[in-house]
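Asker:
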């Protein structure tokens, strides 16, 4: 793979998803795109990239971008953030009309560990009579498909998931572990590019978008952050990764990574 | 320095676990069966026990049952580390007082994560 090939990958990812890909990271690019080339029947990554360029094949181009987007995930990653954020969202309930749903969105849900972590907390903590609207999205159709299935390997369920929650919220199917149907049924799934207008999805009381913005280029990051803020209710909360840039938002005292919608609007 | 007793009849598993645990800052002791493990605990109760299920003589479950009846036996964090991967087995271990559960094969990240969940790090 030539440097020009790698630069083409970086350009494609920047244009389509605002992703920051360093063309000097040859190993990373080969590691991510090798499986795509094999899956799609190409003899090499350059052959795959040539097809993307020459054919203008939308599906192939999406596959390349999806493969290059961050995929690292685990159940209950940074657990205090998840639990505090859900607790904050419940405080909003007191101000709601009876019967109004509490709306939560996990953007960039990857292969589903975060949305199911939230679903487990809600299953355990939601007071009777409260309606929850839980939405998950990702840029990648393949990851959405995996997330929707709720099927995880033994290795995956041992990353961040307490054994007590494994036995409470999963079933065993052959060598895999499957999220209980009651949790899977809580979630509606959407393919969403954070660079596009997301207001039709919302508004939401709580939005998770963790460890995504840090991997985006500056302009794209500003656009995505603005889009996320637009879908928050006036008293909503945005949860970002601990290292994610947050623009003009400030964290709640003692609750790193959790941002109040109103604070950002006043500061803007 | 916290102490961890690795209880497993496989020398290879004990060696792998020792390396991971020492990297995490534990002082590690080893026992090849349940009798040996309980003898260790009677002498010096460890902070953490990494416990296999299937061993000759006494199962890990029986080790845990007896340990929890000993004076001071409720103190160690007990993390099962076993090939038993049925949910009913995990429920059984948790009901008897296991703090966490690792299904083999494992790696350093899994051990570190499970020890953290068990409050042992």
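Residue numbers (my numbering), protein chains in the order written: chain V, 214 to 481; chain A, 9 to 129. Backbone N, C-alpha and C define an ideal beta-carbon position, used for all residues, glycine too. Fair warning: this is a prediction, and the values are worked out from it, not measured in the lab.
In this structure, how does DSSP classify residue 52(A) when only helix, strand and coil are distinguished?
Answerer: Residue 52(A): coil per DSSP, three-state reduction.
Asker: Residue 390(V) by DSSP, collapsed to three states: which one?
Answerer: Residue 390(V): strand per DSSP, three-state reduction.
Asker: How long is the line joining the alpha carbons of residue 223(V) and residue 21(A), rounded to whole angstroms?
Answerer: About 43 Å.
Asker: Inspect the beta-carbon positions of residue 18(A) and residue 44(A) and report whether they are closer than 9 Å.
Answerer: No, the pair does not count as a contact, with Cβ atoms beyond the cut-off.
Asker: Give the secondary structure of residue 473(V) by DSSP, where H, G and I count as helix, E and B as strand, and everything else as coil.
Answerer: The answer is strand: DSSP assigns residue 473(V) an E or B state.
Asker: Any idea if residue 379(V) is buried or exposed, counting beta-carbon neighbours within 10 angstroms, 16 or more meaning buried?
Answerer: Label assigned to residue 379(V): buried.
Asker: Have a look at residue 279(V) and residue 386(V) and give me their C-alpha separation to the nearest angstrom.
Answerer: Roughly 28 Å between the two C-alpha positions.
Asker: Given that residue 99(A) touches chain V, what residues does it touch there, using C-beta distances under 7 Å?
Answerer: Per Cβ cutoff of 7 Å: 380.
Asker: Of all the residues that make up the stretch 221–246 of chain V, which are near chain A by a beta-carbon distance shorter than 7 Å?
Answerer: Answer in chain order: no residues at all.
Asker: Which runs of the beta strand (DSSP E) fall wholly inside the stretch 428–457 of chain V and span at least 3 residues, in chain order?
Answerer: Within the stretch 428–457 of chain V, the complete beta strand (DSSP E) runs of at least 3 residues are 445–453.
Asker: For residue 375(V) and chain A, any beta-carbon pair shorter than 9 Å?
Answerer: By this cut-off, residue 375(V) is an interface position.
Asker: Starting from residue 38(A), follow its DSSP beta bridges and name the residues at the other end.
Answerer: Bridge partners of residue 38(A): 14(A).
Asker: Please confirm if residue 481(V) has its CB atom under 9 Å from at least one CB of chain A.
Answerer: Note that residue 481(V) scores a pLDDT of 36, beneath 50, so its modelled location is shaky; the value from the coordinates is reported in the next line. Answer no: the Cβ-Cβ gap between residue 481(V) and chain A never drops below 9 Å.
Asker: Keeping to the same chain, check which residues put their C-beta closer than 6 Å to that of residue 448(V); ignore five residues upstream and five downstream.
Answerer: So the list reads 305, once near-sequence residues are dropped.
Asker: Can you list the residues of chain V that residue 110(A) reaches, using a CB-CB cut of under 7 Å?
Answerer: Neighbours of residue 110(A) on chain V, chain order: 371.
Asker: Leaving out five residues on either side along the sequence, give the residues of the same chain with a beta carbon under 6 Å from the beta carbon of residue 258(V).
Answerer: Same-chain partners within the cutoff: 214, 246, 250.
Asker: In angstroms with no decimal places, state the Cα-to-Cα distance between residue 414(V) and residue 402(V).
Answerer: Straight-line Cα distance between these residues: approximately 11 Å.
Asker: Whose C-beta lies closer than 7 Å to the C-beta of residue 433(V) among residues of the same chain, with five residues either side of it excluded?
Answerer: Result list for residue 433(V): 231, 408, in chain order.
Asker: Below 7 Å between beta carbons is the criterion; list the residues of the stretch 82–106 of chain A that meet it against any residue of chain V, in chain order.
Answerer: Cβ contacts with chain V: 93, 94, 95, 98, 99, 102.
Asker: For residue 385(V), go through chain A and note every residue whose CB falls closer than 7 Å to its CB, in chain order.
Answerer: In chain order: 94, 95.
Asker: List the residues of chain D that residue 367(V) touches, going by C-beta distances under 8 Å, in chain order.
Answerer: The question asks about chain D, but that chain is absent: this structure's protein chains are V and A.
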